[in-house]
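What follows is a single structure, written as structure tokens, with notes after it.
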Amino acid sequence: MNVREKLEITCSKAWPPLAEDPLGEWRLRWADGFTGRANSALAVGDAGRPLAEALHAVCDFAHDRGIAPMVQVVRDSPNEHAISAAGWVPATGHGAGHEVEVLTAPLVTAARFRGFRVAEPPARAEGPNVTAVPGVTVGDEPGPGWWELTLRPGEDTPAARQVLTGGKVGYGLAVVEGSVAGAVRAALVDDWLHVGRLAVHPAFRRRGLASALMDAVQTWGAEHGADRAVLQVAEGNSGALALYAGLGYAPHHRYRYWVPAPGSCEDSTS
Ligand SMILES: CC(C)(COP(=O)(O)OP(=O)(O)OC[C@H]1O[C@@H](n2cnc3c(N)ncnc32)[C@H](O)[C@@H]1OP(=O)(O)O)[C@@H](O)C(=O)NCCC(=O)NCCS
């Protein structure tokens, strides 16, 4: 398995599904529909059987659990070429975007030169509508308002709460004038910090809050032994990509979601 595929395994561990079956080195994942990452087969490495058989197993696993069959695969990898050749198609209907950039950054610099500043205000948060100092913290539990910002409409289910609280997680929160203005999830896996669900309330954007939240969770991660960070961003999310580039994140690889062509994914048991 190459470094891109190994990092995909790391990211998968940071976003644990509710059910996971191995398929050779692939992983069949289910989390009651909450996110593509937790409800797709991670097709990295060797499935340990002919591809047609592996894709049948993906379909059976999904049908048994009531989700649509989908695979997540490193872009331009041998697995992706084979899945395409087998007649599967890019999952262009995937709501969150089927093409995703994986970005990484070292944490050493942030830890050494910025120090632990979770209680400090972000440097650029003095806009005319912000009269109080924002408090940016990283807690061991989701604080008040954390779920409201990190879950999108219709997403608040037991499965979502279980996925987002799985593993060793730091819950970043930014409070401005008593309002929860921003939130982020950070998970520790091996020596990686996986950052996800960064969200700033529209009324508080472009004032440095996302940057402050990133700084806080990066410091938290470094203090807990991580030396590099990884995050996954939909390719169309130009604002987030600009933010992360400015914070020193560089492209590592990309992945895509693929689905079976209509009518091509019958249950092998039926
Ligand atoms: C992306 C998001 C978190 C940014 O939050 P924010 O608090 O506004 O970000 P910051 O103020 O810290 O931005 C820092 C820099 O990032 C870049 N940036 C942030 N948002 C941007 C946007 N929409 N377009 C272009 N550049 C942007 C800019 O360079 C900005 O500096 P500037 O304001 O001096 O130009 C926020 O827009 C958001 O919650 N979006 C919806 C959820 C989302 O997409 N989350 C990311 C998932 S991976």
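If you read the sequence shown in this note's numbering, its first letter stands for residue 46, the second for the next number, and so on.
Idealized CB from N, CA, C, for every residue including glycine.
- A Cβ-Cβ separation of about 6 Å places arginine 230 in contact with leucine 209 under the 8 Å criterion.
- Sixteen is the threshold: when 16 or more other Cβ atoms of the shown chains lie within 10 Å of the Cβ of alanine 257, as they do, the residue is buried.
- Looking at the backbone, the Cα of histidine 143 and that of alanine 226 are separated by about 28 Å.
- Of the residues assessed, threonine 137 falls on the exposed side of the cut-off, its CB having fewer than 16 other CB atoms within 10 angstroms.
- Contact annotation: alanine 92 and tryptophan 60 have beta-carbon atoms that are not nearer than 8 Å.
- In the DSSP assignment, alanine 150 forms a beta bridge with Ala274.
- Under the three-state reduction of DSSP output, aspartate 105 falls in the helix class.
- Pairing valine 275 with tryptophan 237, the inter-Cα distance amounts to about 7 Å.
- Comparing alpha-carbon positions, the option among Ala232, Leu96, Arg299, His269 lying closest to valine 119 turns out to be Arg299.
- In this structure, DSSP gives alanine 83 a state outside helix and strand, which the three-state scheme calls coil.
- In the displayed model, proline 296 falls within a strand according to three-state DSSP.
- For a cut-off of 8 Å, the C-beta gap from leucine 218 to threonine 264 is around 14 Å, too long to register as a contact.
- Using a Cβ distance threshold of 8 Å, serine 85 and methionine 46 do not count as a contacting pair.
- The Cβ-Cβ distance between valine 304 and tryptophan 133 falls below 8 Å.
- Here proline 247 carries a helix assignment [DSSP, helix/strand/coil].
- Remark: the shortest separation between the CB of serine 283 and any heavy atom of ligand 1 falls under 7 Å.
- Only buried fits histidine 101, as 16 or more other CB atoms lie within 10 angstroms of its CB.
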